[in-house]
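Participant: First residue of the sequence shown? That's 0 in numbering that gives the first Met the number 0, and the numbers climb one at a time after it.
Don't be surprised by glycine CBs; every beta carbon is placed ideally from N, CA and C.
The structure that follows is given in the form of structure tokens.
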Amino acid sequence: MPSETSISLEEDEDFPRNTNDEAEGSKKKQKKGKKEQTQEEMNRIMNVLENFEGPSVKECMKILKRLLTYEDPLYYVAINAFCKKKEYREVWMEMESDEERMGWIQSLRR
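As structure tokens, then:
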């Protein structure tokens, strides 16, 4: 008499039910990844645009060149600040004296 073998019809959790399921899951991850990537790029663009409002780097540089030459390390400290935030450019332009501006640049170096 032949021996009977029990076969389980339950799905094995480790074994994919359908290869299309894996492909669909991968596509969903790619779509989600693309959406997240697009959102990150939009956030970066918005950040750049926000930083370009207010006084321009060129306006700030005009005053900076009157105070320092490119040979002075503080010159590059100021340029770095101008490129980072519009608030730095606004503060720079609102300062009433060159002494005040020099003190501010020196404070950024610390």
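1. DSSP on L63, reduced to helix/strand/coil?
2. Pull up the distance between the alpha-carbon of E99 and that of M45, whole angstroms please.
3. Determine the DSSP secondary structure at S55, reduced to helix, strand or coil.
4. Does the stretch 78-87 come into contact with the stretch 50-59, if we say contact requires no fewer than three beta-carbon pairs (one atom in each stretch) closer than 8 Å?
5. Find the nearest neighbour of C59 within the set E70, D71, N79, judged by alpha-carbon distance.
Facilitator: Answer, in terms of the structure:
1. helix
2. 31 Å
3. coil
4. Contact between the stretch 78-87 and the stretch 50-59 is present, with at least three C-beta pairs closer than 8 Å.
5. N79
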